[in-house]
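One structure is given here, and the rest of the page talks about it.
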Amino acid sequence: MELLRSSLELGDGEGVTFMSDIQKGLLDAVSTVVPKSHHRWCVRHLKDNWSKNWRGLEKKKLLWWCAWSTYEEEFKDHLNTMGDINENAAKDLIWYPPQNWCRSYFDTTCKNYMVMTMLKDREEERRIWRGEFSPYAMELLNDFTQNAQGCEVVFNGDNGYEVVEGAHRHTVNLLLKKCTCRTWDLSGIPCPHAIKALDNNKEDPLSEVHWWYSKKAYMLVYMHKLQPVRGDKF
């Protein structure tokens with residue numbers, strides 16, 4: 002980890018997000034070497050560990066709902082539902098610090114919905130993009146646009162909107178590019194509530210998709226190739 006920090010000039014890790022499985026040595030190394038970095042855990046590994054004691058499709062489904070929650074109240078609702086099924090299962094789940102695996106507690110610097118590992122495949126996919134933004138970003142934007150049809154919006158003055166979605170009520174600030182559901186903040190793609198507010202304000206939601214999803218950004222990421230290296234003994 003110290004060599005990685007030195008090679009990439011990470012300093013104390015501020016503004017850097019690491020993603021890994023739950024290995025004790027790695028957890029300690031990240032917090033010690035780059036204390037200001039953010040460390041996200043692979044939920045699949047967490048699930049495998051947690052599921053050794055707690056089986057059942059419903060509980061596993063609730064674990065994923067907890068992980069994908071984008072604001073704290075939503076996370077607590079799913080956790081309470083799990084607690085109604087089995088209180089000890091819920092207690093064991095939050096033994097793993099939610100700030101490392103639940104989107105409700107993630108910082109919003111890293112704008113992504115998925116971890117990309119197949120670098121070569123991603124580069125080749127980028128070469129055949131037909132639009133300005135990645136197909137994945139466009140697919141997510143289209144899904145959010147469909148969901149926005151079920152929302153109702155009330156203008157709240159300045160750049161603020163109050164958006165109702167079923168039993169939930171959220172506030173959107175177009176100037177700050179924020180929604181209280183935090184999906185826009187976390188993903189960099191306007192959430193259904195933001196899309197409804199943008200439509201009301203006669204703005205194109207596509208113009209608010211974060212630059213990180215653009216073809217230009219991907220080209221910059223993949224312009225530097227990872228070179229093969231020799232084994233440890235050399």
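Numbers given in my numbering equal positions in the sequence shown, counted from 1, plus 1.
We treat Cβ as the ideally placed atom computed from N, Cα and C, and that holds for glycine.
Assigned secondary structure, Glu-75 (DSSP; H/G/I helix, E/B strand, else coil): helix
Cα-Cα separation between Met-117 and Val-222, rounded to whole angstroms: Its pLDDT being 43, under 50, Met-117 is placed unreliably by the model, and nothing is read from it.
Nonlocal neighbours in the same chain, by C-beta distance under 6 Å from Phe-235, ignoring five residues either side: At Phe-235 the pLDDT is 46, less than 50, meaning the model places this residue with poor confidence and gives no usable figure here.
Integer Cβ distance of Cys-43 from Ser-7, believed to fall under 8 Å: Not quite, the Cβ-Cβ distance comes to about 25 Å (not below 8 Å), so this is no contact.
Between the CA atoms of Ile-129 and Met-119 - distance to the nearest angstrom: Annotation note: pLDDT 47 at Met-119 (below 50); position unreliable, coordinate value reported separately. Going from the Cα of Met-119 to the Cα of Ile-129 covers about 16 Å.
Per DSSP, cross-strand counterpart(s) of Cys-182: The partner list for Cys-182 (beta bridge, DSSP) is empty, contrary to what the question assumes.
Length of the line joining the Cα atoms of Gly-1 and Gly-151: Residue coverage of the chain in this structure runs from 2 to 235, which leaves residue 1 outside it and unanswerable.
Test item: CB-CB of Phe-145 and Ser-215 under 8 Å: no
Beta-carbon proximity of Ser-105 to Glu-73, cut-off 8 Å: yes
DSSP state of Trp-69 mapped onto helix, strand, coil: helix
Rounded distance between the beta-carbons of Trp-55 and Ala-90, thought under 8 Å: 4 Å
For Phe-235, the three-state DSSP class (helix, strand or coil): Low per-residue confidence applies at Phe-235: pLDDT is 46, beneath 50, and the placement is therefore not dependable enough to give any value.
Cβ-based neighbour list, Arg-183, same chain, cut-off 8 Å, excluding 5 preceding and 5 following: Thr-71, Tyr-72, Arg-104, Ser-105, Thr-109
Burial state of Glu-75, where buried means 16 or more other Cβ atoms lie within 10 Å: buried
Met-224, buried or exposed, once every other Cβ within 10 Å from all chains shown has been counted against 16: exposed
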